[in-house]
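In what follows, a single structure is set out as structure tokens and then discussed.
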Amino acid sequence: MERYAPSAKDLASRDVVSRCMTLEIREGRGVGKNKDHIFLHLDHLDPAVLHERLPGISESAKIFAGVDLTKEPIPVLPTVHYNMGGVPTNYWGEVLNPTALNPDQVSPGLMAVGEAGCASVHGANRLGSNSLIDLVVFGRAAAIRAGQVIDRNAAIPSPNEASVEKIMD
Numbered sequence: 001m002e003r004y005a006p007s008a009k010d011l012a013s014r015d016v017v018s019r020c021m022t023l024e025i026r027e028g029r030g031v032g033k034n035k036d037h038i039f040l041h042l043d044h045l046d047p048a049v050l051h052e053r054l055p056g057i058s059e060s061a062k063i064f065a066g067v068d069l070t071k072e073p074i075p076v077l078p079t080v081h082y083n084m085g086g087v088p089t090n091y092w093g094e095v096l097n098p099t100a101l102n103p104d105q106v107s108p109g110l111m112a113v114g115e116a117g118c119a120s121v122h123g124a125n126r127l128g129s130n131s132l133i134d135l136v137v138f139g140r141a142a143a144i145r146a147g148q149v150i151d152r153n154a155a156i157p158s159p160n161e162a163s164v165e166k167i168m169d
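For reference, each letter of the sequence shown is one residue, going 1 to 169 in our numbering.
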């Protein structure tokens with residue numbers, strides 16, 4: 001990590017680490033038969049420290065990679081380290097359904113906030129404490145917007161069998 005994050009080194013953020021891993025593999029420094037992964041070395045750490053600070057990692061390495069991480073490296077791949085929502089929304093929590101004519105078109109009555117919604121405000125790596133503020137800000141905005149678009153006097157339609165079947169398909 002000294003090459004990519006000289007100050008942070010092993011404490012670099014998840015997105016930086018994942019990008020660095022990808023670059024190492026793409027530039028031919030991967031390991032294994034297909035040179036498609038890298039090794040994470042933890043064998044320099046005291047097993048007691050691993051057990052205390054990374055509980056479950058030893059067991060996962062043994063089960064999924066067949067390695068004893070106190071003696072050998074873990075084969076790892078770059079991956080998404082954190083999913084920051086997947087349903088595209090506007091800042092009001094309304095689900096976007098873009099078209100060629102209107103990239104900001106919303107799906108009427110459909111909203112997503114919190115871990116499900118993605119208003120694209122975090123960049124590549126959401127900071128750990130930002131999830132709460134995300135919920136407060138966008139949850140409140142969604143509540144305000146819902147109050148504006150919902151007709152309290154409108155009848156709530158009952159689902160019929162055809163609509164339930166359509167959902168289940």
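The beta carbon of each residue, even a glycine, is placed where N, CA and C say it ideally should be.
{"Query": "Beta-carbon gap between Asp-10 and Met-1 smaller than 8 angstroms", "Result": "yes"}
{"Query": "N-terminal and C-terminal residue of the beta strand (DSSP E) that Ile-38 is part of", "Result": "38–40"}
{"Query": "Straight-line gap, Val-87 to Ala-141 (C-alpha atoms, nearest Å)", "Result": "16 angstroms"}
{"Query": "Cβ neighbours of Ala-5 in the same chain (closer than 7 angstroms, five flanking residues each side left out)", "Result": "Ala-12 and Val-16"}
{"Query": "Reduced DSSP secondary structure (H/G/I, E/B, other) of Thr-99", "Result": "coil"}
{"Query": "Residue range of the alpha helix (DSSP H) that includes Asp-139", "Result": "It is worth fixing the name first, because residue 139 is Gly in this sequence and not Asp. Segment 130–149, the alpha helix (DSSP H) holding Gly-139."}
{"Query": "Nearest-angstrom Cβ-Cβ length linking Asp-139 and Gly-114, presumed shorter than 8 angstroms", "Result": "In the sequence as displayed, the identity of residue 139 is Gly instead of Asp. Going by Cβ atoms, the distance from Gly-139 to Gly-114 rounds to 7 angstroms, so yes, they are a contact pair."}
{"Query": "8 angstroms Cβ cutoff met for His-37 and Val-76", "Result": "yes"}
{"Query": "Ala-119 vs Asn-153 beta-carbon contact at 8 angstroms", "Result": "no"}
{"Query": "Buried versus exposed, by CB contacts within 10 Å (16 or more), Ile-74", "Result": "buried"}
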